[in-house]
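Numbering-wise (UniProt numbering), the sequence shown opens with residue 1 and increments by one.
Written below as structure tokens is the structure these notes are about.
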Amino acid sequence: MDDTEEFSALLVGIQRLIRRRLRSGLEHPPLRGAQVELLRLVQDTPGLRVSDAAEELFLAGNSVSTLVNQLVGQGLLRRETDPADRRAALLYTTEEAARRLADWRARRTALVGEVLAELPADQRTALMRAMPALRTVAAGLRTRANDRKVAP
Numbered sequence: 001m002d003d004t005e006e007f008s009a010l011l012v013g014i015q016r017l018i019r020r021r022l023r024s025g026l027e028h029p030p031l032r033g034a035q036v037e038l039l040r041l042v043q044d045t046p047g048l049r050v051s052d053a054a055e056e057l058f059l060a061g062n063s064v065s066t067l068v069n070q071l072v073g074q075g076l077l078r079r080e081t082d083p084a085d086r087r088a089a090l091l092y093t094t095e096e097a098a099r100r101l102a103d104w105r106a107r108r109t110a111l112v113g114e115v116l117a118e119l120p121a122d123q124r125t126a127l128m129r130a131m132p133a134l135r136t137v138a139a140g141l142r143t144r145a146n147d148r149k150v151a152p
């Protein structure tokens, strides 16, 4: 396995392990990854249109509409008619969604913090020094996803 393949596999594996660990012991049914991504996006951008959410998440509009319907049904999203365009819906998270997202973030931060605290100081420092490079990798991946969106 070359370094690039190992890097990709590690990122995916770490995310999967975090999700699995945090899902154990939940008091409510766990949300799927796409549902959480949509909730985070709407929380960060209240009043977002469904079409804009689909574009930002790189998903088909009907897929986002399905997610919205599921989350509205669970009491985690609120849909309001856009006063500027009565055909469009604006999305808002509910207090329950905000609570669940805050709880998830706190639990994730605590879990990762525990694991990082077990590392030798030089490895923690190396990870922190890698953060700018990781941000650049994320930006590069986002740019490529955006480029593909507009390509014929």
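Glycine included, each C-beta is placed from N, C-alpha and C at the ideal position.
- Fully contained in the stretch 53–127 are the following alpha helix (DSSP H) runs of length 4 or more, in chain order: 61–73, 95–117.
- Taking a cut-off of 8 Å for Cβ pairs, the stretch 21–36 and the stretch 97–117 touch, as three or more such pairs fall below it.
- Less than 9 Å separates the beta-carbon of A89 from that of E80.
- Contact check for L91 and L48: beta-carbon distance about 5 Å, within the 8 Å limit, so the pair qualifies.
- In the assembly as shown, T4 is an exposed residue. Its beta-carbon has fewer than 16 other beta-carbons within 10 Å.
- In the structure shown, L48 adopts extended strand secondary structure according to DSSP, grouped into three states.
- Nearest to E55 by alpha-carbon distance, out of L71, R16, L38, is L38.
- Short of 8 Å from the beta carbon of A60, and not among the five residues preceding or following it, lie these beta carbons of its own chain, in chain order: A54.
- In the three-state scheme derived from DSSP, where H, G and I count as helix and E and B as strand, L141 is classed as helix.
- With a contact defined as Cβ atoms closer than 8 Å, R21 and L111 qualify at about 6 Å.
- Here R108 has I18, L22 as same chain residues with Cβ atoms under 7 Å from its own Cβ, once five neighbours each way along the sequence are excluded.
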